[in-house]
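Student: Residue numbers (UniProt numbering): 1 to 224.
C-beta atoms are modelled at their ideal positions from N, C-alpha and C, and glycine is treated no differently.
Structure provided below as structure tokens; questions to follow.
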């Protein structure tokens, strides 16, 4: 709610930029992760579909004679992690073209697994010629909220969050998943993290991305 108020307040009156009466934000391209961030207002941080009670998303409308194009990388960070760690289970899942977040949701929530076993939903669907929709709903549509929590968990594992750190995902589900699945699913990745942590505790060597972009460590980062 606070983020919505902050975004809307910046859009009132004289803060609407330009003669086109459209809201413009500032984009920051110099981020540590390489991802864009936005501010004044943060137009990237919109409410999730099931939480958009004020219909904020409906305010995004293309200018006359223009179209909005939605493009997104498919689980980009996890794919890079799978490559760096040479994680067999992750690589196999991505090469199969599956939905990694839906698979995690299936392992986190018994009621989702039950729905899959009863064939009430599909984990994934690969349409054949002449097919325009799946015979039953996809997991990502029927259980969008649970899948979103699974997605949060997948990405935050990369930052070594504990079950307490996953509190917003639901502590019990996060704890069970971390205990039962992390070691077997992310074994190679966890090994990569441990090796890098040991390395940087005893050296001030800078870290580099896959594309050899230098990421210098602060003193706090090295000693933590």
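Check for me: the alpha helix (DSSP H) holding residue 91 runs from which residue to which?
Tutor: 88-95 is the span of the alpha helix (DSSP H), which, as asked, contains residue 91.
Student: Mind the definition here: the stretch 67-77 touches the stretch 46-58 only if three or more C-beta pairs lie below 8 angstroms; say whether that holds.
Tutor: Counting Cβ pairs under 8 angstroms, fewer than three are found: no touch.
Student: Using alpha carbons as the reference points, say which of 19, 140 and 37 lies closest to residue 25.
Tutor: Here the closest residue by C-alpha is 37.
Student: Please work out which residues of its chain come closer than 6 angstroms, Cβ to Cβ, to residue 150, disregarding the five sequence neighbours upstream and downstream, and give them in chain order.
Tutor: Closer than 6 angstroms at the Cβ level, and outside the excluded window around residue 150, lie 101, 104, 105 and 108.
Student: With DSSP run on the structure shown, which of helix, strand or coil describes residue 142?
Tutor: Here residue 142 sits in helix by DSSP.
Student: I need the straight-line Cα distance from residue 123 to residue 87, nearest angstrom please.
Tutor: C-alpha separation (whole angstroms): 22 angstroms.
Student: Roughly how many whole angstroms lie between the Cα atoms of residue 63 and residue 39?
Tutor: The straight-line gap from Cα to Cα measures roughly 21 angstroms.
Student: Helix, strand or coil: which one does DSSP assign to residue 67?
Tutor: Looking at residue 67 - three-state DSSP - the assignment turns out to be coil, as it is neither helix nor strand.
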